[in-house]
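Participant:
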Amino acid sequence: MAQRPEELVELLPEAERFLAREAAVSEPAERAGLVLVHDLAGDFDAAHAGALAGAHLLAALPHEVIARFDADSLVDYRAHRPRMTFSGDRYEDFAAPEIALYALEDDAGVPFLLLHGTEPDYAWERFVAAVAQLVERFGVTSVVAMQAIPMPVPHTRPVTVTAHATRRQLIEPYPVYWGEMRIPGSVSSLLELRLGEAGVDALGVAAHVPHYLAQATYPAASLTLLEHIEKLTGLHLPTETLAEAAQANRTEIDEQIARSTENTAVVAALEQQYDNFTAAREGTDLLGSSGEVPSAEEIGAEFERFLADQDRKRPRD
820 MAQRPEELVE
830 LLPEAERFLA
840 REAAVSEPAE
850 RAGLVLVHDL
860 AGDFDAAHAG
870 ALAGAHLLAA
880 LPHEVIARFD
890 ADSLVDYRAH
900 RPRMTFSGDR
910 YEDFAAPEIA
920 LYALEDDAGV
930 PFLLLHGTEP
940 DYAWERFVAA
950 VAQLVERFGV
960 TSVVAMQAIP
970 MPVPHTRPVT
980 VTAHATRRQL
990 IEPYPVYWGE
1000 MRIPGSVSSL
1010 LELRLGEAGV
1020 DALGVAAHVP
1030 HYLAQATYPA
1040 ASLTLLEHIE
1050 KLTGLHLPTE
1060 TLAEAAQANR
1070 TEIDEQIARS
1080 TENTAVVAAL
1090 EQQYDNFTAA
1100 REGTDLLGSS
1110 GEVPSAEEIG
1120 AEFERFLADQ
1130 DRKRPRD
């Protein structure tokens, strides 16, 4: 039997202070104005950049779980095999997938929410409706996505991003790169669409991960995501530890690239394209395979290649 949206989520006692505060509001201007950041880890998270950024926030900031989603109803276990611990002659542990809503405080003591965990495989519309209900009940006024996409850019240059929003005013400083294109969907994208249809401000940034690192871990992209989240929301987020990890990772990548003349040549070509583009279009920071902004078809093809590679890594029946 299909579940109602509210049946997909369990509110914990820690949520009561947020619910009580919002229940006392009599005018829209009195709403708490909470920011909700989400990083649901799925195929639209190249180099695990969004998931790593969310995990970093949980490791660095005070937090508590205020709601849990029914991952058992939302996640395909055979597509994303959970890890189990086997010791000697018995199974000892099962790492069940989780989708949880956390309450955090930034470095200035400002509360915000983080939706963190596995991207649902099933019941997207009901899941999105359940999140939308929580947005209303908790007084959330801004919902921000962290994603990452593979792009033809070098790791030796600053990480760039694509910004998107339900209203252009929310991302006014960011350039518009793309025309219309059809790309594979994600829960995060559907959430932004449905919230916009309901009149809720929703936006996000997608970090551009070097395509040759899309299957690796790339903390530089996670760091960039948090820097843009700060810019878009006014939150004060800790980034020092992540910056150190990005620097160490950069050293490792440089060493690996240097071992192959072919890889060195590829990176050098990407650097030249990047530099030519930024010199020709000062103030913009995205390039394509020939020093021009990639076409919608090229970006769509890059998405398809990345997702197809992800699909090949999944276990088959």
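According to my numbering, numbering within the sequence shown proceeds without interruption in unit steps and concludes at 1136. Heads up, the beta-carbon is just placed ideally off N, CA and C, and yes, glycines get one too.
1) If Val854 sits next to Phe931, beta carbons under 8 Å apart, how far is it from one beta carbon to the other, in whole angstroms?
2) Give the C-beta separation of Asp940 and Asp895 to the nearest angstrom, bearing in mind that I take them to be a contact with Cβ-Cβ under 8 Å.
3) Measuring straight from C-alpha to C-alpha, what distance separates Gly907 and Thr937?
4) In angstroms with no decimal places, state the Cα-to-Cα distance between Arg823 and Glu917.
5) Could you check how far apart the C-beta atoms of Leu1010 and Val947 are, in whole angstroms? I think they sit under 8 Å.
6) When DSSP labels each residue in this structure, what does Glu833 get in the three-state scheme?
7) Quick one: give me the first and last residue of the alpha helix (DSSP H) that His1047 is part of.
8) Below 8 Å, can you find three or more Cβ-Cβ pairs linking the segment 1060–1069 to the segment 1003–1020?
9) Could you check the C-alpha separation between Pro832 and Val954 for me, to the nearest Å?
10) I'd like to confirm the pairing. Which residues does DSSP put opposite Ala982 in its beta bridges?
11) Counting along the chain, where does the alpha helix (DSSP H) carrying Ala1067 start and finish?
12) Does the segment 974–989 come close enough to the segment 872–888 that 3 or more CB-CB pairs lie under 8 Å?
13) Val844 by DSSP, collapsed to three states: which one?
14) Would you please state the rounded distance, in angstroms, between the beta carbons of Val1028 and Ala874? I believe it to be under 8 Å.
15) Pick from Gln1092, Leu934 and Ala914: whose alpha carbon is nearest that of Ser1007?
16) Could you tell me whether the Cβ atoms of Ala870 and Leu1044 are closer together than 7 Å?
17) In angstroms with no decimal places, state the Cα-to-Cα distance between Val962 and Leu1022.
18) Who are the near neighbours of Ser1108 in its chain, counting only those whose CB is closer than 6 Å to its CB and skipping five residues on each side?
19) Taking only runs of the beta strand (DSSP E) that begin and end inside the segment 903–985, which ones reach a length of at least 3 residues, in chain order?
20) If we count the other Cβ atoms within 10 Å of its Cβ and call it buried at 16 or more, is Val995 buried or exposed?
21) Would you tell me roughly how many angstroms separate the C-alpha atoms of Tyr1093 and Thr1080, rounded to the nearest one?
22) Would Thr1103 be called buried (16 or more neighbouring beta carbons within 10 Å of its own) or exposed?
23) Would DSSP call Glu883 helix, strand or coil?
24) Using three-state DSSP, classify Arg823 as helix, strand or coil.
25) Label His974 either buried or exposed according to how many other C-beta atoms from any shown protein chain fall within 10 Å of its C-beta, with 16 as the threshold for buried.
26) Is Asp762 buried or exposed, if buried means 16 or more other CB atoms sit within 10 Å of its CB?
27) Would you list the one or two residues that DSSP bridges to Leu855?
Facilitator: Once the coordinates are examined:
1) Sequence index remark: in the sequence shown, residue 854 carries index 35 (1-based). Sequence index remark: in the sequence shown, residue 931 carries index 112 (1-based). With a Cβ gap of about 4 Å, Val854 and Phe931 count as contacting.
2) Against the sequence shown, residue 940 aligns to sequence position 121. Against the sequence shown, residue 895 aligns to sequence position 76. Their Cβ separation, rounded to whole angstroms, is 4 Å, which keeps Asp940 and Asp895 in contact under 8 Å.
3) Translated into positions along the sequence shown, residue 907 becomes position 88. Translated into positions along the sequence shown, residue 937 becomes position 118. Going from the Cα of Gly907 to the Cα of Thr937 covers about 30 Å.
4) As a position in the sequence shown, residue 823 is number 4, starting the count at 1. As a position in the sequence shown, residue 917 is number 98, starting the count at 1. Those two C-alpha atoms are separated by around 19 Å.
5) By one-based count along the sequence shown, residue 1010 stands at place 191. By one-based count along the sequence shown, residue 947 stands at place 128. At roughly 5 Å, the Cβ-Cβ gap stays under 8 Å, so Leu1010 and Val947 are in contact.
6) Position 14 of the sequence shown, counted from the first residue, corresponds to residue 833. Correct three-state label for Glu833: helix.
7) Numbered from its first residue, the sequence shown carries residue 1047 at position 228. Note, His1047: alpha helix (DSSP H), Pro1038 to Thr1052.
8) no
9) By one-based count along the sequence shown, residue 832 stands at place 13. By one-based count along the sequence shown, residue 954 stands at place 135. If I take the Cα positions, the gap works out to 17 Å.
10) Taking the first residue of the sequence shown as position 1, residue 982 is located at position 163. Partner(s): Val1024.
11) Position 248 of the sequence shown, counted from the first residue, corresponds to residue 1067. Its alpha helix (DSSP H) spans residues Glu1059 to Ala1077.
12) no
13) In the sequence shown, residue 844 corresponds to position 25, counting from 1. Coil, per DSSP.
14) Stepping through the sequence shown from its first residue, residue 1028 is reached at position 209. Stepping through the sequence shown from its first residue, residue 874 is reached at position 55. Actually they do not touch by this definition, with Cβ atoms about 17 Å apart.
15) Position 188 of the sequence shown holds residue 1007. With distances taken between Cα atoms, Ser1007 lies closest to Leu934.
16) For this step, residue 870 is matched to residue 51 along the sequence shown. For this step, residue 1044 is matched to residue 225 along the sequence shown. No. Outside cutoff.
17) As a position in the sequence shown, residue 962 is number 143, starting the count at 1. As a position in the sequence shown, residue 1022 is number 203, starting the count at 1. Val962 and Leu1022: Cα-Cα distance of roughly 6 Å.
18) To locate residue 1108, count along the sequence shown from 1; it is residue 289. Only weak support is given to the placement of Ser1108: the predicted model assigns it a pLDDT of 35, under 50, and the value that follows is read from those uncertain coordinates. Around Ser1108: Pro971.
19) 903–906, 909–913, 918–924, 930–936, 959–970 and 980–984
20) Residue mapping note: residue 995 aligns to position 176 of the sequence shown, counting from 1. Answer is exposed; the Cβ neighbour count stays below 16.
21) Stepping through the sequence shown from its first residue, residue 1093 is reached at position 274. Stepping through the sequence shown from its first residue, residue 1080 is reached at position 261. Rounded to the nearest angstrom, the two C-alpha atoms are 20 Å apart.
22) Translated into positions along the sequence shown, residue 1103 becomes position 284. The pLDDT assigned to Thr1103 is 46, lower than 50, so where the model puts this residue is not dependable; a value taken from the coordinates is nonetheless given after this. Exposed.
23) Here residue 883 refers to the residue found at position 64 of the sequence shown. Here Glu883 sits in strand by DSSP.
24) Numbered from its first residue, the sequence shown carries residue 823 at position 4. If DSSP states are grouped into helix, strand and coil, Arg823 belongs with coil.
25) Translated into the one-based positions of the sequence shown, residue 974 becomes position 155. His974 should be labelled buried.
26) Lying outside 820 to 1136, the shown extent of the chain, residue 762 is not represented and no answer is given.
27) Residue numbering aside, residue 855 sits at position 36 when the sequence shown is read from its first letter. Per DSSP, Leu932 and Val962.
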